[in-house]
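All residue numbers for the sequence shown refer to the numbering used here, where the first residue is 4 and numbers rise by one.
Beta carbons: idealized from backbone N, C-alpha and C, even for Gly.
These numbers were taken from a predicted model, which means no experiment stands behind them.
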Amino acid sequence: MAKAKTTAELTKEVESLKGQLAAIWELLRGRMDGDGRVTKAEAAAKEAVDAMVDEG
4 MAKAKTTAEL TKEVESLKGQ LAAIWELLRG RMDGDGRVTK AEAAAKEAVD AMVDEG
């Protein structure tokens, strides 16, 4: 059976997910604006998505 996570562990995971979602949102906004440049937000979003895929 899986070990129950502590509140601190869950809080850390939630904060990480919030950061990843913010980065993805910035990526999508940049795409909608159509500037065509790779921004820091886009690079961060790519890293966040890559990390989620690696964990999954």
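Span separating the alpha-carbon of residue i from that of residue j
i: W28; j: T9; result: 29 Å
i: E54; j: T14; result: Reading off the sequence shown, one finds Ala at residue 54, where the question assumed Glu. Spanning the two alpha carbons is a distance of roughly 18 Å.
i: V17; j: V56; result: 17 Å
i: L31; j: L20; result: 16 Å
i: A5; j: E12; result: 14 Å
6 Å CB neighbourhood of residue i in its chain, flanking five on each side removed
i: Q23; result: A51
Chain C contact for residue i (CB, 9 Å cutoff)
i: V56; result: The question asks about chain C, but that chain is absent: this structure has only one protein chain.
Own chain, CB closer than 7 Å to residue i, minus 5 neighbours either side, in chain order
i: A47; result: A26
i: A44; result: A26, E29, L30, G33
Spatial neighbours of residue i in its chain, beta-carbon cut-off 8 Å, leaving aside the 5 residues before and after
i: K49; result: L30
Near the ligand MN: residue i beta-carbon under 8 Å from a heavy atom
i: V56; result: In terms of ligand content, the structure shown is empty, and the ligand MN therefore cannot be addressed.
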